[in-house]
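A.B. asks: First the structure, then my questions, so here it is.
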Amino acid sequence: MSEYAMTSKIIDKAIPRIDALEKVTGHAVYTSDIDLPNMLYGKILRSPYPHARIKKIRTERAERLPGVKAVVIGREFPYLFGETLKDKPALAIDKVRYVGEPVAAVAAVDERVAEEALSLIEVEYEPLPYVLDPIEAMNRDAPILHEGLAEYKRSPIVKVFPGTNICNYVVYEKGDIEKGFAESDYIFEDTFKAPAIAHAAIEPYVTIAQVNFDGRITLWTTNDSPYRLQVGLAESLNIDPSNIHVIVPYMGGSFGGKGGVKLEAIAIALARKVVGYPVKIELTREEVFTSTCTSHSSIVTVKTGVKKDGTIVARYVKAIYDAGAYAEKGPTVLIQGCRGAAGPYRIPHVKIEGYLSYTNKIPGDAYRGYGFFQTQFAVESQMDDIARKLGLDPLEFRLKNLIKEGDINPLGQEVVSCGLEKCLLKVAESIGWGRKEGKYVGKGIAIGFKNTKTPSSSAVIVRLNWDASLEVYTSLVEEGQGSKHILAKIAANELGIPLNKVKVITSDTDITPWDTSTTSSRTVFHQGNALIDACRKVIEQIKDRLAEKFNIQRSEIMFKDGEFIIGKDRISLHRDINRVLRTGEQIVGHGFYEPKISAKLWEHHGIFWMYVAHGVEVEVDPETGIVVVKKAVIAQDVGKAMDKATLELQLIGGTIQGIGNTLYEELKFDKYGKIENPNFRDYHIPTALDISEVIPIIVEQPHPEGPYGAKGVGEGPLVTIHAAIANAIYDAIGVRFKEFPITPEKIALTIKNMRIS
Amino acid sequence: MKKTSVTFTVNGTKYSLDISPNETLLDVLRERLKLKDVKAGCLSGECGACTVLVNGKAMNSCLILAVEVDNTEIVTLRGLSRDEKLHPLQEAFIRESAIQCGFCTPGFILTAFSYLKENPKPSIQEIKKAIAGNLCRCGSYPNIIKAIYKVGAGNE
Amino acid sequence: MRRTLPEFEYFAPPSLKDLLELLNSLEKAKLLASGTDLIPAMREKGLTPKYVVSLKNLTKDLSYIKMDYENGKRVLRIGALTTIHSIEASETLGQKFYILKEAASQLGTYQIRNRATIGGNLCNASPAADMAIPLLALNSRLILLSIEGEREVPIKEFFLGPGKTILKSNEILKEVVIEEPKSFGSAFLKVSRKAIGLAIVNVACYVELTNGVINDIRVALGAVAPTPVRATNLEKELIGKRINDVDITEACKKVDEDIKPISDVRASKEYRMHLSRVLTERAIRISLQRVVL
């Protein structure tokens, strides 16, 4: 908090979310709810092949269908998109690289005509050899997906290996890994796998694009980062960013999947052909599953060297992430995931290597946790196994080695603001660690951490009106995480204005100022700081007015607890501002925040780290293999709880999502890499019947640079839950699963085969 | 396709429409009547986001041909609050923090409304079963269940 | 998957007589009860029926649950358009028909149960049809109706294959008739993803004991063969045996001979074989416990 705020009175107060009323009455607007005059409807034709050359596309019959207004193919729109590696066309240009890839698009007066038009487009393909496994894809003789890899525009942080399918490589080293293993008494090496997970937000992807006669593009879209989208599109299309107007209304969940360029480029391609008409593309649930993105599946090998007494001396991690057909955010997911790969432990000798490989499957992309759970699942599973083999309690083993304030983390960074130990102790206590509850009942713990992309920046504008109402302009996207509410609270707390007089206006690039992205659990920290800066500027401007009005020096005026103090006089900002401002007058504060770090985005290990621990109690039915999570406890160090209810819900919700990932969710790929279960019937996300007790525990270890000491929240829950459940299942039935989902079928058949042999 | 005439009441207002038999109730509510509080999540009756009340009973509007609900009373979320007064379920969802992204919220509230009419004081397990057809990826289930339970507990 | 539904010719006959006449004159019409199977089939499975005949005006005629007498025996009659929810909530269905309520309560979701009908579930003829399994265990009979009149078919003969029934193109399912069972010994178990899930395996069991001897046992399984099946080999193994003398676990291995599961997107053949034994044994044990109620 700033020197002006009344401690954190409003922050600590339990106030219903400011977006709750709209949502509970059905008035909240999501992108699909937007109806524009003369709107056309777009549909996408998709590749049936995992890898094929496009020899010919004939669109005449589709173009002639009454009601069709535009048809577009890749060759007419040959731009490439991507966050740090621009390798993805909007519509396939000379070849297709996964089943489901967009090949052509149609805009028509209604969806019926658009769907019919798709069936009139003829495409001639020449199938090519394809590869579905990332390790095979890295072999010398594997089919190559991107022949032009060397020529793609890319950020300096991306290392590609032209002539191969490897589109990023990263290495982190500390100490001397060989020396570390030489000094170890025991060495353990294990390989773990994580699957591709579908984000499965209930709101499908939607984009409406309109191109006007001056060439300016307007987008209403389900995208988590309006400015990142604007800048990315502008770079790829070679136009001025200010010629792209991005508007994001409320989003019905994203979890990382609705970022980057998904439908927007295709919608623009169509919209340019029907200038002045909006074109809306909304995906079916099947398309969301098969043709947007998943998390990155991974193969992670962990080699750990320990002393007899359980001190970890060395850790080598090799991570292979499956990019799918296009890089999307894969390069930075690898970079981040590898940052966390050694786990939150004090280890003198560390080496982490990561590879990102193309395969002919749906692209991998950001998923809540951004590459961390793949490596944390591996490390935290192995930690339990090592403990047991050394005859140590898994809890004690972790307590002995975990990082604390002032330690050096595996990346060589000094640990600041770390509540990890407290988190672990609290979850262990909550699940009754050490008590055996029943024959097939098991308990598991896991710890982890997650950073935020650094350095990134945010701007926030506040506008104080003559009637003491306040608008906060921010480009954050409210997708359920509650940041909108938290920013409103911060503004109210800083200026001493009642919360019901604060309005937060979000995500419209013509109105709200720059923000890097609503990702990486960064919003409260960065936007919060920018907001405090903006509020400070408003206060300073009012001080100037008062100084002039009362003919005194500005330095004689103080602001505390919502009041200006001049000698014995107190002027309340929210009650008396109309004495300072005339009707119609407004004071605007433009705030900005960026960590004072000289590195470029992604180069720094993280301005803050979130620390988290999960404890889980499960009961296994050994015959059916069904696992019931009886209790799941999560403790996360959030720096400072900015809204208890919102935070707890994020912790609970993320835990439930992680339980789904670990036990029920399985994307089934056939031999062509096609997803066989692209629906909620056969891809099982948790329902109300699947959850028992989920307990959130908030730990606060204030961060010196965070607003009120706050850090981030959102991704923590998805980092440790998978390993905690796997560890609990081991405790229950003595079987170590090194892959998930750990489905009833896998458990039942494993136990059955064990009993037979 | 030959159109047919249907008449039904939606949120208290009577409508007579000429529609094609292959239009679903979801299509008619969202696209013709512009009732955007009914959400489309999957079009397969699996996520529950499109839940509406037909003669008081919760059903997936994506699985109903609009012609089939001729002469019925249909209620969407907007029809639940009377005279700008919130229904106890809506108040409970706000109070118990049962909302994150909000996309699933209309479906949940209508399902709960329908279920509470036939079982006014349900147990936690009964509530879970009744709302198992409403998916929430944000994971707000515990608070949603709590909200419905508390409204039920307040019933006679 | 398509967002818009294909075009078809739609009929909504106002009476049973009109319906039967219409069906007699149309080739290959699709009957529409709730639409909870028909609409997904049109959206996701490419079904493009030429004619769709709605049963919406026949709800009053064909929606009922009542106890009746037939040849001096008590029978339960359920109209084909009775919703699954009505069955789940019915007070007419006493304890002896408990497995019907159990199966109904686990069919789909609450929203689907409010709309789907028992007739729709049976005529859709999924090998995993939740209502078919207990009905099979209870030796139900189905009344089929056409312009030519009524005929009765034991449920064992109704299913011909996945999605295929014995119904003629001008016939509808009118009613399900179940003779009141002699004992309370029954159970229904289902393993699937909670709520919306299609069964990986579902099992219903009915058993009668006399002086500790199993004098009748019927076990029906779903999702493990092209149609719902009776485990006749297993039944033969157990009929006439004393429950104190028989090793139920060992006997349940016989169920392997009665099923022919496949591997699909939901489960592998191995898991289905394993689960069939596990659930059958559990269902039998629960049924035996319930006999003495």
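Protein chains in written order, with my numbering: chain L, 7 to 763; chain B, 38 to 193; chain G, 9 to 301. Ideal placement from N, C-alpha and C gives every residue a C-beta, glycine not left out. None of these values were measured; they are calculated from a predicted model.
1. Taking 8 Å as the threshold, find out whether the stretch 62 to 69 of chain G comes into contact with the stretch 46 to 54 of chain G through three or more Cβ pairs.
2. Leaving out five residues on either side along the sequence, give the residues of the same chain with a beta carbon under 6 Å from the beta carbon of Ile3(L).
3. For Met644(L), is the classification buried or exposed, using 16 other Cβ atoms within 10 angstroms of its Cβ as the cut-off for buried?
4. Consider the C-beta atom of Met648(L) and the heavy atoms of the ligand NAD; say whether any pair is separated by less than 7 Å.
5. So what's Phe403(L) in DSSP terms, helix, strand or just coil?
6. Taking the C-alpha atoms as reference points, what is the distance between Met7(L) and Ser160(B)?
7. For Ser111(G) and Asp138(G), which I take to be in contact (beta-carbon distance under 8 Å), what is that distance rounded to the nearest angstrom?
8. Counting only C-beta atoms, is Ala694(L) closer than 8 Å to chain B at any point?
9. Return no unless some Cβ of chain L is closer than 8 Å to the Cβ of Asp138(G).
10. How would you call Ser14(L), buried or exposed, if buried means at least 16 neighbouring beta carbons within 10 angstroms?
11. Can you tell me whether DSSP reads His355(L) as helix, strand or coil?
12. In three-state terms, what does DSSP make of Leu168(G)?
13. Would you say Met7(L) faces chain G, with C-beta separation under 8 Å as the test?
14. Identify, in the order they occur along the chain, each residue of the same chain with its Cβ nearer than 7 Å to the Cβ of Phe261(L), setting aside the five sequence neighbours on each side.
15. With burial defined as no fewer than 16 other Cβ atoms inside 10 Å of the residue's Cβ, what is the status of Asp390(L): buried or exposed?
16. Interface residues of chain L around Ala291(G) at Cβ under 9 Å?
17. Specify the secondary structure class of Gly73(L) as computed by DSSP and reduced to three states.
18. Between the beta-carbon of His709(L) and the beta-carbon of Ser297(L), is there less than 8 Å?
19. Per the contact definition of three or more C-beta pairs closer than 8 Å, is the stretch 18 to 34 of chain G in contact with the stretch 305 to 318 of chain L?
20. Measure the beta-carbon distance from Pro461(L) to Glu600(L) and round it to whole angstroms, keeping in mind my assumption that it falls under 8 Å.
21. Would you decide whether His620(L) is buried or exposed? Buried here means 16 or more other CB atoms lie within 10 Å of its CB.
22. Under 6 Å Cβ to Cβ from Ala207(G), same chain only, skipping five residues before and after it: list those, please.
23. Checking contacts by CB at 8 Å: is Ala20(L) closer than that to chain G?
24. Can you give me the Cβ contacts of Asp737(L) inside the same chain, cut-off strictly under 7 Å, excluding the 5 residues immediately before and after it?
25. Mind listing the chain L neighbours of Ile168(B)? Cutoff is C-beta to C-beta under 9 Å, in chain order.
26. Quick one, which residues of the stretch 663 to 677 of chain L are near chain G if we go by CB-CB under 8 Å, in chain order?
27. Measuring only the C-alpha atoms, how far is Lys176(G) from Gln297(G)?
28. When DSSP labels each residue in this structure, what does Asn180(B) get in the three-state scheme?
29. Using beta carbons (cut-off 8 Å, strictly below), is His93(G) in contact with chain L?
30. Counting only runs of 3+ residues fully inside the stretch 194 to 266 of chain L, write out the beta strand (DSSP E) ranges in chain order.
31. Look at the alpha carbon of Ser53(B) and the alpha carbon of Asp64(B), and state the distance between them as a whole number of angstroms.
32. Okay, do the stretch 41 to 53 of chain L and the stretch 158 to 178 of chain B touch, 3+ Cβ pairs below 8 Å being the bar?
33. If we cut at 8 Å on Cβ distances, does Lys202(G) have a partner in chain L?
34. Alpha carbon to alpha carbon, what distance is there between Gly205(G) and Gly248(G)?
35. Just the chain C side, please: which residues come within less than 9 Å of Phe16(G) by C-beta, in chain order?
36. Measuring alpha carbon to alpha carbon, tell me which residue in Ser154(G), Asp272(G), Ala37(G) and Arg290(G) is nearest Phe675(L).
C.D. replies: Taking the geometry as given:
1. no
2. In the structure displayed, chain L extends from 7 to 763; residue 3(L) sits before or after that span and is not available.
3. Looking up residue 644(L) in the first sequence gives position 638. The identity of residue 644(L) in the sequence shown is Val, whereas the question assumes Met. Val644(L) comes out buried.
4. Although the ligand NAD was asked about, the structure shown includes no ligands whatsoever.
5. Sequence index remark: in the first sequence, residue 403(L) carries index 397 (1-based). DSSP places Phe403(L) in helix when its eight states are reduced to three.
6. For the purposes of this step, residue 7(L) is identified with residue 1 of the first sequence, where counting begins at 1. For the purposes of this step, residue 160(B) is identified with residue 123 of the second sequence, where counting begins at 1. Any reading at Met7(L) must be qualified, since the residue scores a pLDDT of 49, below 50, and its modelled position is unreliable; no value is offered.
7. Translated into the one-based positions of the third sequence, residue 111(G) becomes position 103. Translated into the one-based positions of the third sequence, residue 138(G) becomes position 130. Residue 111(G) is actually Ala in this sequence, not Ser. Contact holds; Cβ gap of about 5 Å.
8. Translated into the one-based positions of the first sequence, residue 694(L) becomes position 688. Yes, Ala694(L) counts as interfacial toward chain B.
9. To locate residue 138(G), count along the third sequence from 1; it is residue 130. Taking Cβ atoms only, chain L never reaches closer than 8 Å to Asp138(G), which makes this a no.
10. The sequence position of residue 14(L) within the first sequence is 8, counting from 1. Buried, by the Cβ-count rule.
11. Locating residue 355(L) in the first sequence gives position 349, counting from the first residue. His355(L): strand per DSSP, three-state reduction.
12. In the third sequence, the residue the question calls residue 168(G) occupies position 160. Reduced to three states, the DSSP call for Leu168(G) is strand.
13. Taking the first residue of the first sequence as 1, we reach residue 7(L) at position 1. Low confidence applies here, because Met7(L) scores a pLDDT of 49, under 50, leaving its location unreliable and the question unanswered by this model.
14. Within the first sequence, the letter at position 255 stands for residue 261(L). Answer for Phe261(L): His205, Ala207, Tyr373 and Arg374, listed in chain order.
15. Translated into positions along the first sequence, residue 390(L) becomes position 384. Classification for Asp390(L): buried.
16. If you number the third sequence from 1, residue 291(G) lands on position 283. Correct list: empty, because the minimum Cβ distance to chain L is about 13 Å.
17. For this step, residue 73(L) is matched to residue 67 along the first sequence. Gly73(L) falls in the coil class under three-state DSSP.
18. The count along the first sequence starts at 1 and reaches residue 709(L) at position 703. The count along the first sequence starts at 1 and reaches residue 297(L) at position 291. Their beta carbons are not under 8 Å apart, which means His709(L) does not touch Ser297(L) by this criterion.
19. no
20. Position 455 of the first sequence, counted from the first residue, corresponds to residue 461(L). Position 594 of the first sequence, counted from the first residue, corresponds to residue 600(L). That pair is a contact at about 6 Å.
21. Sequence index remark: in the first sequence, residue 620(L) carries index 614 (1-based). It counts as buried.
22. By one-based count along the third sequence, residue 207(G) stands at place 199. Cβ within range, chain order: Ala136, Lys198, Ser200, Gly230 and Ala231.
23. The sequence position of residue 20(L) within the first sequence is 14, counting from 1. It does not; no Cβ of chain G falls within 8 Å.
24. Sequence index remark: in the first sequence, residue 737(L) carries index 731 (1-based). Result list for Asp737(L): Gly448, Lys449 and Gly450, in chain order.
25. Locating residue 168(B) in the second sequence gives position 131, where the first residue counts as 1. By Cβ distance, chain L contributes Thr693, Ala694 and Leu695.
26. Tyr670 and Lys674
27. Along the third sequence, one-based indexing puts residue 176(G) at 168. Along the third sequence, one-based indexing puts residue 297(G) at 289. When rounded, the distance between both Cα atoms is 41 Å.
28. Residue mapping note: residue 180(B) aligns to position 143 of the second sequence, counting from 1. Asn180(B) falls in the helix class under three-state DSSP.
29. Residue 93(G) sits at position 85 when you count from the first residue of the third sequence. Not one chain L Cβ lies under 8 Å of His93(G).
30. 212 to 217, 223 to 227 and 250 to 253
31. Taking the second sequence and counting its residues from 1, one reaches residue 53(B) at position 16. Taking the second sequence and counting its residues from 1, one reaches residue 64(B) at position 27. Straight-line Cα distance between these residues: approximately 15 Å.
32. no
33. If you number the third sequence from 1, residue 202(G) lands on position 194. Yes, its Cβ sits closer than 8 Å to a Cβ of chain L.
34. For this step, residue 248(G) is matched to residue 240 along the third sequence. For this step, residue 205(G) is matched to residue 197 along the third sequence. Taking the straight line joining both Cα atoms gives about 37 Å.
35. The structure shown contains no chain C; its protein chains are L, B and G.
36. One-based indexing of the first sequence puts residue 675(L) at position 669. Answer by Cα proximity: Asp272(G).
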